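Some notes on the structure that comes next.
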Amino acid sequence: MDEKKVISTTLKYGVLIASILVISGLIIFTASDPNANVYNFNTSNISLTDFKNPLTITLYGVIALISIPPIIVLEQIIIYASEKDKIYIGIGALVLSLMMFAILIMPRLLHI
Amino acid sequence: MLLTFLASLLFASIIAGLLGSLTGLGGGVVLTPVLVLFLGVPVEYAVGASLISTIATSASSGSRYLKSGLAHMRIAIALEIATTSGAITGSFLEYIVEKEHLFSLLDVLFGVVLIFSVIPNFMRMKTEVPTNVEPDGLSAKLKFHGKYYDEALKKEVNYQGVRYPFGLFGMYIAGLVSGLLGIGSGALKVLAMDLGMNLPFKISTATSSFMIGVTAATSSGVYWALGIINPLIVGATIPGVFIGSNLGSRFLNRLMSRRLRQIFTLVLVVLGIQLILRGVGIFG
Numbered sequence: 004m005d006e007k008k009v010i011s012t013t014l015k016y017g018v019l020i021a022s023i024l025v026i027s028g029l030i031i032f033t034a035s036d037p038n039a040n041v042y043n044f045n046t047s048n049i050s051l052t053d054f055k056n057p058l059t060i061t062l063y064g065v066i067a068l069i070s071i072p073p074i075i076v077l078e079q080i081i082i083y084a085s086e087k088d089k090i091y092i093g094i095g096a097l098v099l100s101l102m103m104f105a106i107l108i109m110p111r112l113l114h115i
Numbered sequence: 038m039l040l041t042f043l044a045s046l047l048f049a050s051i052i053a054g055l056l057g058s059l060t061g062l063g064g065g066v067v068l069t070p071v072l073v074l075f076l077g078v079p080v081e082y083a084v085g086a087s088l089i090s091t092i093a094t095s096a097s098s099g100s101r102y103l104k105s106g107l108a109h110m111r112i113a114i115a116l117e118i119a120t121t122s123g124a125i126t127g128s129f130l131e132y133i134v135e136k137e138h139l140f141s142l143l144d145v146l147f148g149v150v151l152i153f154s155v156i157p158n159f160m161r162m163k164t165e166v167p168t169n170v171e172p173d174g175l176s177a178k179l180k181f182h183g184k185y186y187d188e189a190l191k192k193e194v195n196y197q198g199v200r201y202p203f204g205l206f207g208m209y210i211a212g213l214v215s216g217l218l219g220i221g222s223g224a225l226k227v228l229a230m231d232l233g234m235n236l237p238f239k240i241s242t243a244t245s246s247f248m249i250g251v252t253a254a255t256s257s258g259v260y261w262a263l264g265i266i267n268p269l270i271v272g273a274t275i276p277g278v279f280i281g282s283n284l285g286s287r288f289l290n291r292l293m294s295r296r297l298r299q300i301f302t303l304v305l306v307v308l309g310i311q312l313i314l315r316g317v318g319i320f321g
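Going line by line, the protein sequences match chains F and L. Residue numbers for the first sequence follow the working numbering, beginning at 4 and rising by one. Residue numbers for the second sequence follow the working numbering, beginning at 38 and rising by one.
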């Protein structure tokens with residue numbers, strides 16, 4: 004498996020998908036509510052299931068962007084597994100666990 | 038009204054991306070002072086926008102560096118243990134800043150880090166590549182070696198990374214700063230690899246820009262929950278920084294002399310000083 008090709012393809016298409024979502028949400032929102040106050044919206048007050056708000060699309064773009072690095076680390080683990088490189092499978096698994104802890108569990112522990 | 042603000046955000050982000058690329062510091066570290074000082078964006082939203090925009094720039098430059106064979110995947114992931122641990126600590130500190138409303142402290146810290154990050158641009162960096170570096174036990178086991186074709190020297194260069202624990206320590210600090218201030222802290226990462234691990238400058242730069250996304254994504258969970266990621270601001274800064282840094286790296290970097298780069302770097306020092314003054318209540 005050509006690790007460089009797999010990973011650089013993920014990076015390229017990941018950024019493309021994320022940018023399309025981020026920008027289209029922004030354009031639709033601006034067109035529908037041209038006088039909105041910028042500071043009324045952030046990740047703690049927009050629901051990800053509120054599909055009436057175009058900014059939800061933007062937030063899914065941000066999620067797509069945030070997902071790229073963990074996906075790449077996962078791809079690296081798979082590549083090292085195919086090479087039977089035990090040390091690097093362990094290192095990759097540790098990095099992925101730290102990321103998952105920080106992204107998914109830590110905010111809950113802090114009760115934000 | 039909204040459109041005017043978004044247009045100025047986009048323009049400011051292009052400038053930030055351009056300056057970040059021309060000075061080699063990365064778009065994020067320039068974006069925050071530009072948004073805060075010129076557009077009056079609250080520092081926490083600026084930091085949130087910078088963190089997310091950093092992931093996009095890292096992903097696009099990382100893809101390019103991988104193809105050119107300059108980014109070392111194994112060194113990157115081995116050091117990411119430390120950058121992600123650092124980012125966890127840093128985003129926890131950012132949580133405290135938010136909870137205690139220590140925004141002036143954030144201004145001052147950001148200014149100080151910005152001024153410190155420009156130091157490498159004024160040091161005479163070694164242009165020759167380190168040769169005959171003997172691997173130590175750990176770095177041989179972890180396969181910290183590689184080779185690349187150096188365009189300037191017109192020859193193939195073999196390199197060997199050493200002193201992994203030193204690299205880990207530097208990367209932990211880089212991750213902490215990244216999580217606290219929402220920047221990539223590329224300058225610190227390059228220093229840890231270049232000076233700490235004895236890697237050639239080109240390999241350090243490429244591997245670092247690849248690692249920045251992983252570090253920034255790690256902090257994003259806490260940022261998201263804190264509500265400091267504003268979709269409208271991020272929607273304008275992601276494409277802006279992306280366009281600016283691509284313009285910089287594709288067209289302008291080749292025209293940059295050392296002197297010119299230092300002049301641009303001075304602009305960042307001024308921004309750093311302004312942020313500190315703002316933090317202590319003298320300016321803005």
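Glycine is no exception: its CB is placed at the ideal position from the N, C-alpha and C atoms. The structure displayed is predicted, hence computed values, not measured ones.
Presumed contact (8 Å Cβ cut-off) between residue i and residue j, rounded CB distance
{"i": "L:G64", "j": "L:G281", "result": "6 Å"}
{"i": "L:L312", "j": "L:L151", "result": "7 Å"}
{"i": "F:A67", "j": "F:I20", "result": "5 Å"}
{"i": "L:S128", "j": "L:G216", "result": "4 Å"}
{"i": "L:S97", "j": "L:A253", "result": "Not confirmed; about 13 Å, so no contact."}
{"i": "L:L179", "j": "F:I90", "result": "7 Å"}
{"i": "L:N267", "j": "L:Y82", "result": "5 Å"}
{"i": "F:V41", "j": "L:L269", "result": "5 Å"}
{"i": "L:G99", "j": "L:F279", "result": "No, L:G99 and L:F279 are not in contact; Cβ-Cβ is about 13 Å, not under 8 Å."}
{"i": "F:V65", "j": "L:I249", "result": "With a Cβ gap of about 17 Å, F:V65 and L:I249 do not count as contacting."}
{"i": "L:G219", "j": "L:L59", "result": "Actually they are not in contact, since the Cβ atoms of L:G219 and L:L59 sit about 21 Å apart, beyond 8 Å."}
{"i": "L:I52", "j": "L:V71", "result": "7 Å"}
{"i": "F:E6", "j": "L:M110", "result": "6 Å"}
For residue i, three-class secondary structure by DSSP
{"i": "L:E171", "result": "coil"}
{"i": "L:D144", "result": "helix"}
{"i": "L:N195", "result": "strand"}
{"i": "L:K178", "result": "helix"}
{"i": "L:G183", "result": "strand"}
{"i": "L:P276", "result": "helix"}
{"i": "L:L62", "result": "coil"}
{"i": "F:T46", "result": "coil"}
{"i": "F:D36", "result": "coil"}
{"i": "F:L113", "result": "coil"}
{"i": "L:D231", "result": "helix"}
{"i": "L:E114", "result": "Contrary to the premise, residue 114 of chain L reads as Ile rather than Glu in this sequence. In this structure, L:I114 counts as helix in the three-state DSSP scheme."}
{"i": "F:I10", "result": "helix"}
{"i": "L:I319", "result": "coil"}
{"i": "F:T52", "result": "coil"}
{"i": "L:P202", "result": "helix"}
{"i": "L:V155", "result": "coil"}
{"i": "L:L139", "result": "coil"}
{"i": "F:E78", "result": "helix"}
{"i": "L:M38", "result": "coil"}
{"i": "L:A189", "result": "coil"}
{"i": "L:A108", "result": "coil"}
{"i": "L:G127", "result": "helix"}
{"i": "L:I220", "result": "coil"}
{"i": "F:P116", "result": "Coverage of chain F is limited to positions 4 through 115, which leaves residue 116 of chain F absent and any answer about it impossible."}
Spatially closest choice to residue i from the options, by CA coordinates
{"i": "L:L308", "options": "L:G285, L:V67 and L:W261", "result": "L:V67"}
{"i": "L:S222", "options": "L:A124, L:I51 and L:K178", "result": "L:A124"}
{"i": "F:T2", "options": "L:N235, L:T91 and L:I265", "result": "Outside the displayed range of chain F (4 to 115) lies residue 2 of chain F, so it cannot be described from this structure."}
{"i": "L:G212", "options": "L:L190, L:A44 and L:S245", "result": "L:S245"}
{"i": "L:P157", "options": "L:G198, L:L232 and L:P172", "result": "L:L232"}
{"i": "F:I108", "options": "L:G316, L:G258 and L:R298", "result": "L:G258"}
{"i": "L:L297", "options": "L:T41, L:K184, L:G61 and L:G54", "result": "L:G61"}
{"i": "L:Y196", "options": "L:P172, L:L190 and L:Y260", "result": "L:P172"}
{"i": "L:R315", "options": "L:L59, L:F75 and L:S50", "result": "L:F75"}
{"i": "F:M103", "options": "L:T255, L:I300 and L:L303", "result": "L:T255"}
{"i": "L:M230", "options": "L:T274, L:D187, L:I112 and L:D144", "result": "L:I112"}
{"i": "L:G85", "options": "L:Y132, L:S58 and L:V306", "result": "L:Y132"}
{"i": "L:Q299", "options": "L:G57, L:E135, L:V149 and L:L175", "result": "L:G57"}
{"i": "L:A108", "options": "L:V134, L:I89 and L:F247", "result": "L:F247"}
{"i": "L:V199", "options": "L:S176, L:G183 and L:A189", "result": "L:S176"}
{"i": "F:L93", "options": "L:A115, L:M110, L:S141 and L:M234", "result": "For clarity, residue 93 of chain F is Gly in the given sequence; the question names Leu instead. Ranking L:A115, L:M110, L:S141 and L:M234 by Cα distance to F:G93 puts L:A115 first."}
{"i": "F:Y16", "options": "F:A34, F:S85 and F:I71", "result": "F:I71"}
{"i": "F:R111", "options": "L:G277, L:W261 and L:I319", "result": "L:W261"}
{"i": "F:S22", "options": "F:I115, F:D88, F:I69 and F:I80", "result": "F:I69"}
Should the region 9 to 16 of chain F be regarded as contacting the region 234 to 243 of chain L, the criterion being three or more beta carbon pairs within less than 8 Å? The region 9 to 16 of chain F and the region 234 to 243 of chain L do not touch, with fewer than 3 CB-CB distances between them shorter than 8 Å.
4 or more residues per run - each alpha helix (DSSP H) lying fully within the region 67 to 105 of chain L: For the region 67 to 105 of chain L, the full-length alpha helix (DSSP H) segments reaching 4 residues or more read 80 to 105 along the chain.
Just to confirm the assignment: which complete alpha helix (DSSP H) runs, minimum length 4, are found wholly within the region 84 to 110 of chain F? Entirely contained in the region 84 to 110 of chain F, the alpha helix (DSSP H) runs reaching 4 residues are, in chain order, 89 to 103.
Would you say the region 193 to 213 of chain L touches the region 38 to 56 of chain L, given that touching needs at least three Cβ pairs under 8 Å? Taking one beta carbon from each stretch, the region 193 to 213 of chain L and the region 38 to 56 of chain L have fewer than 3 pairs nearer than 8 Å; the two do not touch.
Which complete alpha helix (DSSP H) runs does the region 233 to 302 of chain L hold, if anything under 4 residues is left out? List check, alpha helix (DSSP H) in window: 238 to 263 and 268 to 284.
Stretch-stretch touch, CB-based, cutoff 8 Å, three pairs: the region 49 to 63 of chain F with the region 13 to 27 of chain F: Flag = yes, the region 49 to 63 of chain F and the region 13 to 27 of chain F touch.
Determine, using beta-carbon pairs with one atom in the region 68 to 81 of chain F and one in the region 95 to 115 of chain F, whether at least three such pairs fall under 8 Å. Put simply, the region 68 to 81 of chain F touches the region 95 to 115 of chain F. At least three CB pairs are less than 8 Å apart.
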